[in-house]
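K.L.:
Residue numbers (this note's numbering): 9 to 108.
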């Protein structure tokens, strides 16, 4: 499994628009092969920040996600919405459980 944390910070006044783009990416992820989990979170104390948790079958699935034309179209919008480049943290899954 390939796990990725992505930290994003919107430019001033662009948080809602960035949230819409992230919602579109989430909707696309539901139908992309190789994506196991895709979650968009926003810290309570930082309305301009978002944290994505993404897990894929493998690195190739993540690379395919980046090349998937509808997703790539949404990702291009980051250039006008982000205050800083995305911070990517690649992780090795140590253990996991689903709690319902």
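Even for Gly, the Cβ is constructed at its ideal location relative to N, Cα and C.
What's the gap between the Cα of residue 15 and the Cα of residue 91?
P.N.:
11 Å
K.L.:
Nearest-angstrom Cα distance between residue 78 and residue 29?
P.N.:
11 Å
K.L.:
To the nearest angstrom, how far is the alpha carbon of residue 100 from that of residue 25?
P.N.:
31 Å
K.L.:
Around the Cβ of residue 62, are there at least 16 other Cβ atoms within 10 angstroms (buried) or fewer (exposed)?
P.N.:
buried
K.L.:
Using a threshold of 9 Å, state whether the C-beta atoms of residue 69 and residue 41 are closer than that.
P.N.:
yes
K.L.:
Identify the continuous beta strand (DSSP E) that holds residue 105 and give its terminal residues.
P.N.:
Taken as a continuous stretch (DSSP letters only), residue 105 belongs to no beta strand (DSSP E), as it is neither H nor E.
K.L.:
Given a cut-off of 9 Å on the beta-carbon distance, is the pair residue 95 and residue 10 in contact?
P.N.:
no
K.L.:
So residue 73 is in the alpha helix (DSSP H); what residue range does that whole segment cover?
P.N.:
67–75
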